[in-house]
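Q: Please see the structure below; I have some questions.
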Amino acid sequence: MRSKTVPAGATRLSAALVAVLATLALLAASAAVVVGPAATARADDRSQHDSRAQHASQPAFPPASQHDDRSPNGGRHPRAAHWTAAWAAAVHHPFTLPEWFGPNWSEEGFADQTVRQVVRVTTGGAQVRVRLSNRFGTAPLRVTGVTVARAGDGAAVRPGTLRPVTFGGRTSTTLPVGSDRVSDPVRLPTRALQPLAVTMYFARPTGATTFHEGGLTTTYRAAGDHRFANAAGPFGGETTHSYYLLTGVDVTRGPGRQTGTVVAFGDSITDGAFSTANADNRYPDELAERLVAAGRRLGVVNLGINGNKVLGDSTCFGERGVGRFGRDALGQPGVRTVIVLEGINDIGSGGLPDTGCGTAPKVTAGQIIAGHRAMIAAAHSRGVRILGATLTPVKGNEYGYDTPENERIRDEVNRWIRTSGEYDGVVDFDRAVADPNDPDAFLPAYDGGDHLHPNDAGMRAMAEAIDLADL
1213 MRSKTVPAGA TRLSAALVAV LATLALLAAS AAVVVGPAAT ARADDRSQHD
1263 SRAQHASQPA FPPASQHDDR SPNGGRHPRA AHWTAAWAAA VHHPFTLPEW
1313 FGPNWSEEGF ADQTVRQVVR VTTGGAQVRV RLSNRFGTAP LRVTGVTVAR
1363 AGDGAAVRPG TLRPVTFGGR TSTTLPVGSD RVSDPVRLPT RALQPLAVTM
1413 YFARPTGATT FHEGGLTTTY RAAGDHRFAN AAGPFGGETT HSYYLLTGVD
1463 VTRGPGRQTG TVVAFGDSIT DGAFSTANAD NRYPDELAER LVAAGRRLGV
1513 VNLGINGNKV LGDSTCFGER GVGRFGRDAL GQPGVRTVIV LEGINDIGSG
1563 GLPDTGCGTA PKVTAGQIIA GHRAMIAAAH SRGVRILGAT LTPVKGNEYG
1613 YDTPENERIR DEVNRWIRTS GEYDGVVDFD RAVADPNDPD AFLPAYDGGD
1663 HLHPNDAGMR AMAEAIDLAD L
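Residue numbers for the sequence shown follow the numbering used here, beginning at 1213 and rising by one.
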């Protein structure tokens, strides 16, 4: 096992002062993104507008406990039930993918159709609950019914494990535009690393749906209502590798037995791009397996988004990291530690032509560091531990990432992460996957092929670079 973690004793200020610093740093980081030409502004307008609307009355970094025990109708589940996020996905705007990318149902939505989605929970419990979102929808969205079960092979579920899911005691629920919804508890004992199937039926047309593009796990769609189907038969037609509406599955072990969750926050490398589909080989998956083998009852949830940036919004690649950090990272039930791996897209894609997802200007190392400082301050103000991960190599990449100037910025950001002491600890992903004979490049055995993303072996090396004692 290779461990490159360097613990750092970051000075702790009072919670009130740190909260103020978090807000100031966030504003500074956001202001550092220079508005591009008119075409760029138009391309990003929908993302910027929706983000401003949904957060207008909320703090920049909402409290970590915001979703911990609220019922769908604004009440509270009993305080004795401590919930831990066992699976999660960061969602973004619906958008059209190139045909070669595979099916994508986010813009067409669903009408008299059933969607079955399989997730692997990273820690177990006696009860589960599911979280849904219409955060980026354009109309109220009616979910006719939801079930949860232990997954079998393919689209099948284990007989006898199907359970109806309710919301405030009702089997159906309507999500207003911009809203999230948490289900009632469902008694379904689960164990760590067990796959669950969450099945939703939509009787009425939904319109465009909030989704997570890079799911790397097969999602199934069937005509009609098949919420309670045990067999895979009805789902033999349409599949995709994205998640729709589903943002989380939480578990509880009972009163006083909260275990806590580790959040992996970042871009496509965290999201698992170039790892094998349906194999759970992303670095957060590998980390969860290490924790289970070590007897640590911690959840690990993946809040990466393909193409995401620290500082730039995109209609395809999600809200900027400093904008979504409070919700996607600190908003996870039971969050105790966050691992931040983000910034390589700010460096590599700044100033590149618009391919339909908007553009972002070139940024400096100082601007990226300011964004990281905003996230550090926000985590500390909530009493959450935060680890900084160094940015991985880009040498040989043909997307425009490999330039002398970009390498200089990457080196400067990595030097700050390693030596500043501002993070509570450092995970040196860069050194974990780099070629010792050519440190600016991936070790060939760890290269996913584009000289930017690690393959399965590289993901495993990244997980092994994390000191479990730091979590």
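Think of the CB as a built atom: it goes at the ideal place given N, C-alpha and C, for glycine as much as any other residue.
Fully enclosed by the stretch 1539 to 1580, which alpha helix (DSSP H) runs are 4 residues long or longer?
A: 1556 to 1561
Q: Would you mind working out which of 1512, 1365 and 1316 sits nearest residue 1443, comparing C-alpha positions?
A: Locating residue 1443 in the sequence shown gives position 231, counting from the first residue. Residue 1443 has its Cα closest to that of 1365, out of 1512, 1365 and 1316.
Q: So is residue 1279 buried or exposed if we call it buried at 16+ other beta carbons inside 10 Å?
A: Here residue 1279 refers to the residue found at position 67 of the sequence shown. Note that residue 1279 scores 41 on pLDDT, short of 50, meaning its location in the model is unreliable; the coordinates nonetheless yield the value given after this. Looking at its Cβ environment, which holds 16 or more other Cβ atoms inside 10 Å, residue 1279 is buried.
Q: Are the CB atoms of residue 1643 and residue 1498 within a distance shorter than 7 angstroms?
A: Numbered from 1 along the sequence shown, position 286 holds the residue referred to as residue 1498. Numbered from 1 along the sequence shown, position 431 holds the residue referred to as residue 1643. Going by C-beta atoms, residue 1498 is not nearer than 7 angstroms to residue 1643.
Q: Which residues mark the beginning and the end of the alpha helix (DSSP H) in which residue 1495 is found?
A: Taking the sequence shown and counting its residues from 1, the one referred to as residue 1495 is at position 283. Taken as a continuous stretch (DSSP letters only), the alpha helix (DSSP H) holding residue 1495 covers 1495 to 1505.
Q: Should residue 1317 be labelled buried (16 or more other beta-carbon atoms within 10 Å of its own) or exposed?
A: Here residue 1317 refers to the residue found at position 105 of the sequence shown. Counting Cβ neighbours within 10 Å, residue 1317 comes out buried, since at least 16 surround it.
Q: Put residue 1519 into one of helix, strand or coil per three-state DSSP.
A: If you number the sequence shown from 1, residue 1519 lands on position 307. Reduced to three states, the DSSP call for residue 1519 is coil.
Q: Determine the direct distance from the alpha carbon of residue 1638 to that of residue 1431, and round the result to whole angstroms.
A: Against the sequence shown, residue 1431 aligns to sequence position 219. Against the sequence shown, residue 1638 aligns to sequence position 426. For residue 1431 and residue 1638, the distance between alpha carbons rounds to 35 angstroms.
Q: Tell me which residues share the same chain as residue 1675 and place their Cβ nearer than 7 angstroms to its Cβ, disregarding the 5 neighbours each side in the sequence.
A: Along the sequence shown, one-based indexing puts residue 1675 at 463. Within the same chain, Cβ atoms closer than 7 angstroms to the Cβ of residue 1675 are found at 1495, 1498, 1499 and 1502, the five residues on either side in sequence being excluded.
Q: At what residues does the alpha helix (DSSP H) containing residue 1645 begin and finish?
A: In the sequence shown, residue 1645 corresponds to position 433, counting from 1. Residues 1641 to 1645.
Q: In its own chain, which residues sit with a C-beta less than 6 angstroms from the C-beta of residue 1484, not counting the 5 before and 5 after it?
A: If you number the sequence shown from 1, residue 1484 lands on position 272. So the qualifying residues of the chain are 1428 and 1494.
Q: Does residue 1665 pass the burial test, meaning 16 or more other C-beta atoms within 10 Å, or should it be called exposed?
A: Here residue 1665 corresponds to residue number 453 of the sequence shown, with the count starting at 1. The residue in question, residue 1665, is buried, as its Cβ has 16 or more Cβ neighbours within 10 Å.
Q: Taking the alpha-carbon positions, what's the residue 1681 to residue 1550 distance?
A: Taking the first residue of the sequence shown as 1, we reach residue 1681 at position 469. Taking the first residue of the sequence shown as 1, we reach residue 1550 at position 338. Those two C-alpha atoms are separated by around 14 angstroms.
Q: Report yes or no: do three or more beta-carbon pairs, one from the stretch 1600 to 1614 and one from the stretch 1337 to 1356, lie closer than 8 angstroms?
A: no
Q: Mapping DSSP to helix, strand and coil, what is residue 1615?
A: Here residue 1615 corresponds to residue number 403 of the sequence shown, with the count starting at 1. If DSSP states are grouped into helix, strand and coil, residue 1615 belongs with coil.
Q: Taking DSSP as the reference, what is the three-state secondary structure of residue 1628?
A: The residue labelled residue 1628 in the question sits at position 416 within the sequence shown. Of the three classes helix, strand and coil, the one that applies to residue 1628 here is helix, per DSSP.
Q: Using a Cβ-Cβ cut-off of 6 angstroms (strictly less than) and excluding sequence neighbours within five positions of residue 1409, which residues of its own chain qualify?
A: As a first step, residue 1409 is located in the sequence shown; it is residue number 197 there, counting from the start. Hits under 6 angstroms: 1328, 1330, 1361, 1363 and 1369.
Q: Identify, in the order they occur along the chain, each residue of the same chain with its Cβ nearer than 8 angstroms to the Cβ of residue 1471, setting aside the five sequence neighbours on each side.
A: Position 259 of the sequence shown, counted from the first residue, corresponds to residue 1471. Cβ neighbours of residue 1471 beyond the five flanking positions: 1296, 1335, 1465, 1509, 1510, 1511 and 1546.
Q: What are the start and end residues of the alpha helix (DSSP H) that includes residue 1668?
A: In the sequence shown, the residue the question calls residue 1668 occupies position 456. In this chain, the alpha helix (DSSP H) harbouring residue 1668 covers 1668 to 1676.
Q: Using a 10 Å radius around the Cβ and a threshold of 16 neighbouring Cβ atoms, would you call residue 1650 buried or exposed?
A: In the sequence shown, the residue the question calls residue 1650 occupies position 438. Result: exposed.
Q: Looking at the secondary structure, which residues open and close the alpha helix (DSSP H) in which residue 1480 lies?
A: The residue given as residue 1480 occupies position 268 in the sequence shown. In the DSSP assignment, residue 1480 falls within the alpha helix (DSSP H) that extends over 1480 to 1483.
Q: Whose C-beta lies closer than 6 angstroms to the C-beta of residue 1416 among residues of the same chain, with five residues either side of it excluded?
A: Reading the sequence shown from its first residue, position 204 is the one you call residue 1416. These residues qualify, in order along the chain: 1354.
Q: What does the Cβ neighbour count give for residue 1646, buried or exposed, with the cut at 16 atoms within 10 Å?
A: Numbered from its first residue, the sequence shown carries residue 1646 at position 434. Buried is the call here.
Q: Helix or strand or just coil, what does DSSP make of residue 1458?
A: Numbered from its first residue, the sequence shown carries residue 1458 at position 246. It is a strand residue.
Q: Leaving out five residues on either side along the sequence, give the residues of the same chain with a beta carbon under 6 angstroms from the beta carbon of residue 1670.
A: Taking the sequence shown and counting its residues from 1, the one referred to as residue 1670 is at position 458. Correct list, in chain order: 1645 and 1658.
Q: Helix, strand or coil, according to DSSP, for residue 1348 in the structure here?
A: Stepping through the sequence shown from its first residue, residue 1348 is reached at position 136. Reduced to three states, the DSSP call for residue 1348 is coil.
Q: Could you tell me which residues DSSP pairs with residue 1514 in its beta bridges?
A: As a first step, residue 1514 must be located in the sequence shown, where it is residue number 302. Beta-bridge partners assigned by DSSP to residue 1514: 1476.
Q: State yes or no: is the beta carbon of residue 1503 nearer than 7 angstroms to at least one beta carbon in chain C?
A: Absent here is chain C; the protein component of the structure consists of one chain.
Q: Quick one: Cα of residue 1541 to Cα of residue 1655, how far?
A: Locating residue 1541 in the sequence shown gives position 329, counting from the first residue. Locating residue 1655 in the sequence shown gives position 443, counting from the first residue. Between residue 1541 and residue 1655, the C-alpha separation is close to 30 angstroms.
Q: Assuming residue 1299 contacts residue 1460 (C-beta within less than 8 angstroms), just tell me the rounded distance between them.
A: The residue you call residue 1299 lines up with position 87 of the sequence shown. The residue you call residue 1460 lines up with position 248 of the sequence shown. Yes, residue 1299 and residue 1460 are in contact; Cβ-Cβ is about 7 angstroms, under 8 angstroms.
Q: Since residue 1580 and residue 1558 should fall inside the 8 angstroms C-beta cutoff, what is the C-beta to C-beta distance between them, to a whole number of angstroms?
A: For the purposes of this step, residue 1580 is identified with residue 368 of the sequence shown, where counting begins at 1. For the purposes of this step, residue 1558 is identified with residue 346 of the sequence shown, where counting begins at 1. Right, the Cβ-Cβ distance comes to about 6 angstroms (below 8 angstroms), so this counts as a contact.
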